[in-house]
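The block underneath contains the structure these notes are about, expressed in structure tokens.
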Amino acid sequence: MTGFRPPQTIKGIINALPDKDGSWDAFRTVLKASKLQAVDPASPSSYNSGNVFGPSDLDIPHFIQEPIFKPRLSAREVTEILLADMLGHPKRFSVFPSRGKENDELAAAKIILDVFKPLHAGTGQGLWNVVSPRLSDKYVYPRRVKDMPKRKDLLRETDVSVNIMPFGSVADLHHDIGYGTATLAQGAKLWIFYPPTKENLDAASRAYTAPRGNRSRLSKSFKEMSNGIVFIQPQNTTVWVPPFCPHATLTLQTSILVGKELYAKRKFPQRLANGNLHLAWGRVNADKKAQESEAAELLAHLKSVLMTDEKVLHADTVRAWESGHGALKQMAGDGKHGLEGFAKVWDQCTKLWNECPLCKIHVGEGRGQESGRELRSTSFMTHFQKAHCGK
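Quick look at the structure:
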């Protein structure tokens, strides 16, 4: 794929899809009928009219025009490092769809052996989420976010992980929670992104919980979604993946995709407000422990956010709590990461607040009413429970 110039029209992208036993016909239908905009991801400002993805360049899917690893790594070097990490930590990978432990281990070996066969479809399985500490050590922050740790805006970062996807593999409609980098060490991928509007996220939630059937989530939901973009990622490029942008990828040539996620304080309110979306995704995977883990991390991150002195961030967090706290009880029930645990964090972190950052109501002074709600409070927590916690 070296030197490959991706098409930048819908017709060109459709023509670039493989003709493989009709299995790509569903995606041709999506491309033809969904009013997607074919874009040049090197120029994100050209397709963010009205800030549909968000006001910052960090909110827009685009190409990062700089190396992510130092020193630069070839596809073979990435594969060698990945294999070394798998041998050292044999439980650090998963195969999807899973067909049993022994089968999955053999499938993983075969996928790696066939990784340099661009049009080899294999068994339809892909090697997912291989955690690679060695690649993490070589990771370099993109310029636009390299000061995030210095400004203490970083809540958490994941280790680098790798997906090896044979030709024809599909990562169906899903969303990420953190900012992501997706570096294609080898191959070619088609990306479809939608902005994180309420309508699009509601459509994604319905797609997550709909009966599986024979149709992909993308095929079921694309008519309900709007302002989508599509582009082809060639080898040796990196896609910036913003949080909560529903997206799907199609593997046009056997690919090695290297990724990492960064969780920022500025995006915490978005995560808190979209608890119901996470619940819908969790029901797909039927993983109660994952739900409890999500609630535990939300609790820890809430504390970090409230301990800052950023009043705009505090206001956004209060607003997000109004719409998102109902999902927390379903995530963690009445355990230590349930609503009682969150109430303790709110109380501990706001004892010195003398004003609600959202309402601008002074607390501790016995004054104030808004929209018929009694807001007279001796503390922020009293006001918060009356005005922002619902019934």
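Numbering (full-length UniProt numbering), first residue to last: 1 to 391. Just so you know, even glycine gets a beta-carbon here, dropped at the ideal spot from N, CA and C.
CA-to-CA distance, residue j to residue i, given in whole angstroms
i           : j           : result
residue 230 : residue 351 : 48 Å
residue 421 : residue 28  : Since the first and last residues shown for the chain are 1 and 391, residue 421 lies out of range.
residue 239 : residue 97  : 25 Å
residue 109 : residue 122 : 12 Å
residue 305 : residue 317 : 8 Å
residue 367 : residue 356 : Reliability of the predicted coordinates at residue 367 is poor, the pLDDT of 47 falling under 50, and no value is obtained from them.
residue 371 : residue 387 : Reliability fails at residue 371, whose pLDDT of 45 lies under 50, so the model's placement of it is uncertain and the value that follows must be treated cautiously. Whole-angstrom Cα-Cα distance: 10 Å.
residue 24  : residue 194 : 20 Å
residue 19  : residue 26  : 12 Å
residue 87  : residue 81  : 10 Å
residue 89  : residue 274 : 34 Å
residue 69  : residue 360 : 46 Å
residue 261 : residue 390 : 33 Å
residue 8   : residue 39  : 6 Å
residue 250 : residue 181 : 17 Å
residue 162 : residue 170 : 15 Å
residue 340 : residue 35  : 45 Å
residue 295 : residue 196 : 21 Å
residue 267 : residue 164 : 29 Å
residue 135 : residue 143 : 19 Å
residue 246 : residue 55  : 18 Å
residue 212 : residue 379 : 49 Å
Residue i - DSSP class collapsed to helix/strand/coil
i           : result
residue 191 : strand
residue 139 : strand
residue 64  : strand
residue 260 : strand
residue 130 : strand
residue 172 : strand
residue 367 : Residue confidence is low: residue 367 scores 47 on pLDDT, short of 50, so the model does not pin down where it sits. No coordinate-derived value is stated.
residue 332 : helix
residue 252 : strand
residue 33  : helix
residue 108 : helix
residue 120 : coil
residue 325 : coil
Unbroken alpha helix (DSSP H) run spanning residue i, endpoints
i           : result
residue 161 : Looking at the DSSP string, residue 161 is not in any alpha helix (DSSP H); the run it does join, the beta strand (DSSP E), is 161 to 165.
residue 383 : 380 to 387
residue 309 : Looking at the DSSP string, residue 309 is not in any alpha helix (DSSP H), and its letter there is neither H nor E.
residue 350 : Careful: residue 350 lies outside any alpha helix (DSSP H) and carries neither H nor E.
residue 217 : 217 to 221
residue 209 : 198 to 209
residue 8   : Per DSSP, residue 8 belongs to no alpha helix (DSSP H) and is neither H nor E.
Residue closest to residue i, alpha-carbon to alpha-carbon, out of the options
i           : options            : result
residue 203 : 110, 218, 69       : 218
residue 353 : 339, 310, 340, 341 : 310
residue 120 : 325, 295, 187, 216 : 187
residue 276 : 243, 261, 150, 323 : 323
residue 252 : 117, 301, 383, 73  : 117
residue 393 : 381, 361, 76       : Nothing about residue 393 can be reported from this structure: the residues present for the chain run from 1 to 391 only.
residue 61  : 75, 74, 46         : 46
residue 364 : 296, 384, 58       : 384
residue 41  : 57, 30, 31         : 57
residue 348 : 329, 302, 326, 315 : 302
residue 338 : 329, 345, 346      : 329
Beta strand (DSSP E) segment containing residue i, residue limits
i           : result
residue 233 : 229 to 233
residue 157 : 154 to 157
residue 78  : Looking at the DSSP string, residue 78 is not in any beta strand (DSSP E); the run it does join, the alpha helix (DSSP H), is 75 to 88.
Residues sharing a beta bridge with residue i, DSSP
i           : result
residue 282 : According to DSSP, residue 282 bridges with nothing at all.
residue 53  : DSSP output for residue 53 lists no bridge partner at all.
residue 96  : 126
residue 69  : 139
residue 179 : 262
residue 241 : 180
residue 296 : For residue 296, which the question treats as bridged, DSSP gives no partner whatsoever.
residue 355 : 362
residue 186 : 256
Chain B contact for residue i (CB, 8 Å cutoff)
i           : result
residue 102 : This model lacks chain B altogether; it includes just one protein chain.
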